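Scroll down for the structure; my scribbles are underneath it.
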Amino acid sequence: MLLGMICALGSAVCFGTASVFQAVAARAAEPGTGSGVDPALLLRALRQWRYTAGLALDGLGLGTASG
45 MLLGMICALG
55 SAVCFGTASV
65 FQAVAARAAE
75 PGTGSGVDPA
85 LLLRALRQWR
95 YTAGLALDGL
105 GLGTASG
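Numbering (the numbering used here), first residue to last: 45 to 111.
Take a look at the structure:
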């Protein structure tokens with residue numbers, strides 16, 4: 045039971061940190077035209093280490109939650 049609690053805590057920390065990294069990276073990305081959905085925002089965000097680190101932490105959190 046203790047191992048399950050530690051895994052759940054680790055997963056929550058990974059997901060929370062990933063969300064912060066991705067939000068910071070998305071805000072720091074160059075703005076688009078400002079009219080509606082900007083699909084190129086994802087490409088601009090992927091060029092930033094914070095966004096890719098957030099994706100890696102999401103994967104790690106998913107692996108921890110599944111394990």
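Ideal placement from N, C-alpha and C gives every residue a C-beta, glycine not left out. For clarity, every value in this text was computed on a predicted model and none was experimentally measured.
CB contact flag (residue i, residue j, <8 Å)
i	j	result
F65	G105	no
L101	T61	yes
A69	L85	no
Contact belief for residue i with residue j at Cβ below 8 Å, rounded distance in angstroms
i	j	result
A73	A89	5 Å
A109	S63	That belief does not hold up - the Cβ atoms of A109 and S63 are roughly 15 Å apart, past 8 Å.
Extent of the continuous alpha helix (DSSP H) to which residue i belongs
i	result
A69	L46 to A72
G102	What sits at residue 102 in the sequence shown is Asp, not Gly. From DSSP, the alpha helix (DSSP H) with D102 extends over W93 to S110.
Identity of the residue in the options nearest residue i by Cα
i	options	result
G103	V57, I50 and P83	V57
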